[in-house]
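Residue numbers (UniProt numbering): 1 to 293.
Even glycine gets a Cβ: it sits at the ideal position worked out from N, Cα and C.
Quick caveat, the model's predicted, so the values are computed rather than measured.
Below you'll find the structure, written out as structure tokens, and then a few comments.
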């Protein structure tokens, strides 16, 4: 099995006619993903030719659902238009919206997230500012490289896209059930807790890898959830042990204020919950191997 995304997922790409949308649709198709079309109101009714596939372009997510049965929308939409695009997808009843776009204003994310909640939470949002989600050998929604790992029994959830890729590559001989890049913005849709909870329920996930970074308290809250609700082994890594205080590092949410949000504080919280924590990605991968053996 896998979480949130599998071989039955039918994906529509918002922004499919743009350079990034086209490029990554090509990569998704190469990974065996069932891409059924795209969305661009200005080019509705046309078809785009990608990797030998003629994909229809729809005026809206609602139209794509009615025509193709799409249940996942991957958004390559410029930041000023992300809120409207996600709201439209939520109103259409899409099951999963994966927002790749970086630089989305925080107040826009707050509004689109509030809209999704008010709509009954029927749409799971991953992102924004994320690499997406991949269930290796089944489906790939986003920009995660599909050729750096294979299917297996590790579940991975990460704020950082590049660290997602590194751990996937270092543990490629073991493989993954699903890898979820949740993004590092101050407000995001799917959280560490959401993914960990799903992995705990997934019979084909034996171990969970949780990657965090400085800033905020998401990792501390995830640690408490693991302590009280998770029976499977969890291995963690927190990026930013050498980050200077008071400076934003990378993601918009990765800022330390005083002693709050430091890598050391997060490591302590994770370890207090019984999570083994590596100080480097390679050390984290070694801990995974040790636990699985």
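Query                                                                                                            : Result
Close Cβ partners of residue 175 (< 8 angstroms) along its chain, the five nearest in sequence each way excluded : 136, 149, 150, 151, 152, 153 and 154
Coil, strand or helix - residue 172 by DSSP                                                                      : coil
Continuous beta strand (DSSP E) stretch holding residue 141: start and end                                       : 139–142
Cβ distance (whole Å) where residue 128 is taken to contact residue 109 below 8 angstroms                        : 6 angstroms
Which of helix, strand or coil DSSP assigns to residue 239                                                       : strand
DSSP three-state assignment for residue 213, whether helix, strand or coil                                       : strand
Sufficient close CB pairs (3 or more, under 8 angstroms) joining the region 261–277 to the region 211–221        : yes
For residue 19, the nearest candidate out of 164, 93 and 48 (CA to CA)                                           : 48
Close beta carbons around residue 193, own chain, < 7 angstroms, minus the five adjacent residues each side      : 221, 222 and 225
Exposed unless 16 or more other CB atoms sit within 10 angstroms - verdict on residue 185                        : buried
N- and C-terminal bounds of the beta strand (DSSP E) containing residue 158                                      : 151–158
Beta-carbon spacing of residue 196, residue 238 below 8 angstroms                                                : no
Own chain residues within Cβ distance below 7 angstroms of residue 82, not counting five before or after         : 75, 99, 101, 104, 108 and 128
6 angstroms Cβ shell around residue 89 - same chain, five flanking residues per side excluded                    : 61, 73 and 97
Identity of the residues DSSP links to residue 55 by a beta bridge                                               : 48
Residue 124 in three-state terms, based on DSSP                                                                  : strand
Segments assigned beta strand (DSSP E), at least 3 residues, entirely inside the region 174–206                  : 176–181
Reference residue 369, options 52, 277 and 27, closest by Cα                                                     : Coverage of the chain is limited to positions 1 through 293, which leaves residue 369 absent and any answer about it impossible.
Range of the contiguous alpha helix (DSSP H) that encloses residue 288                                           : 281–292
Through-space distance from residue 23 to residue 146, alpha-carbon basis                                        : 14 angstroms
Helix, strand or coil at residue 135 [DSSP, three-state]                                                         : strand
Alpha-carbon to alpha-carbon, residue 38 and residue 281                                                         : 36 angstroms
Own chain, CB closer than 6 angstroms to residue 206, minus 5 neighbours either side, in chain order             : 153
Buried/exposed call for residue 158, threshold 16 Cβ in 10 Å                                                     : buried
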